[in-house]
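Read the structure below first, then the notes.
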Amino acid sequence: MMLGLTGVPGTGKTTVADILRGRGVPVIRVNDTIEPYIIGSDPDRDTRIIDEDRWVEEFPPVEGVVEGHLAHLLPCDRIVILRCNPEVLFERLIRRGYTEEKALENALAEALDTVLIEVFEAFESEVIYEFETTDTDSGTVADFVMDVLADRATPSHGRCDWSDYLLNRMP
């Protein structure tokens, strides 16, 4: 089974993937696979431009977890979306060295359910698992992913509502 572990930057994907790898789960990091598919950069947004179609087409199926904010573009058997309160996410990204503009872009993407919407456009609801990580330790999140892999978890989505974050930002 190929499980996609996705979410906007700062939601805990890499930390959870490291725990899963320590438990013997094969983990592929999206960032380790995209280098040949980088076709440019957008300095205004401080991001790389990737030929996503070619990357998806050439990505070999794997058994285990594919971790990264593009994992949901792959034909995964199950998808786990990690979510985080946008205010907490913003602070995490600033501590990581993101510019305020880049941190805000990601916090807004989280508040607007950007990844969740992309996942729903590509997958049936019975393979989508959403997990809110704001106040949850990474080991507990990894336990949940293990349950998804073992078919012991119930699909869940649509429980995170960050509309207050958006409303509080309006003039």
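For what it's worth, my numbering labels the leading residue of the sequence shown as 1414, then goes sequentially.
Note that CB positions come from ideal geometry on N, CA and C, so glycine has one too.
Everything numeric in this text was worked out from a predicted model, so none of it was measured.
Status (buried if at least 16 other CB within 10 Å, exposed otherwise) for residue i
i	result
Ile1441	buried
Thr1512	exposed
Glu1537	exposed
Thr1460	exposed
Contact set for residue i: own chain, Cβ-Cβ below 8 Å, skip 5 residues either direction
i	result
Glu1518	Arg1458
Ala1566	Tyr1542, Phe1557 and Asp1560
Gly1425	Leu1495, Cys1497, Thr1546, Ser1551 and Val1554
Leu1487	Met1415, Gly1417, Val1469, Phe1472 and Val1479
Gly1571	Leu1529 and Glu1543
Residue range of the alpha helix (DSSP H) that includes residue i
i	result
Glu1476	No alpha helix (DSSP H) contains Glu1476, which DSSP labels as neither H nor E.
Phe1544	Here Phe1544 belongs to no alpha helix (DSSP H); instead the beta strand (DSSP E) covers Ile1541 to Glu1545.
Met1559	Ser1551 to Leu1562
Arg1582	Ser1576 to Arg1582
Ile1447	Careful: Ile1447 lies outside any alpha helix (DSSP H) and carries neither H nor E.
Glu1518	Glu1513 to Ala1524
Glu1531	Thr1527 to Ala1535
Cβ neighbours of residue i in the same chain (closer than 6 Å, five flanking residues each side left out)
i	result
Glu1523	Val1421, Pro1499 and Leu1502
Val1443	Gly1481, Leu1483 and Ala1484
Gly1423	Leu1502, Arg1505 and Leu1506
Residues sharing a beta bridge with residue i, DSSP
i	result
Gly1453	Ile1462
Ile1507	Note: Ile1507 sits in no beta bridge, so no partner.
Arg1442	Glu1480
Ser1569	Tyr1542
Rounded C-alpha distance that separates residue i from residue j
i	j	result
Glu1465	Asn1581	34 Å
Val1475	Met1415	6 Å
Val1493	Tyr1578	23 Å
Gly1510	Asp1455	18 Å
Arg1436	Ile1452	35 Å
Ala1490	Asp1548	First, the residue type needs correcting, since residue 1490 is Asp and not Ala in the sequence shown. The alpha-carbon atoms of Asp1490 and Asp1548 are separated by roughly 28 Å.
Gly1477	Leu1562	8 Å
Leu1525	Ser1576	8 Å
Pro1439	Leu1433	8 Å
Cys1368	Glu1539	A question about residue 1368 goes unanswered here, because the residues of the chain that appear run from 1414 up to 1584.
Pro1568	Val1429	19 Å
Neighbourhood of residue i by C-beta, 7 Å cutoff - its chain only, sequence neighbours within 5 removed
i	result
Tyr1450	Ile1463, Asp1464, Arg1467 and Trp1468
Ala1516	Phe1503, Leu1506 and Ile1507
Start-to-end residues for the beta strand (DSSP E) that takes in residue i
i	result
Arg1436	Per DSSP, Arg1436 belongs to no beta strand (DSSP E) and is neither H nor E.
Arg1491	Arg1491 to Arg1496
Leu1416	Met1415 to Thr1419
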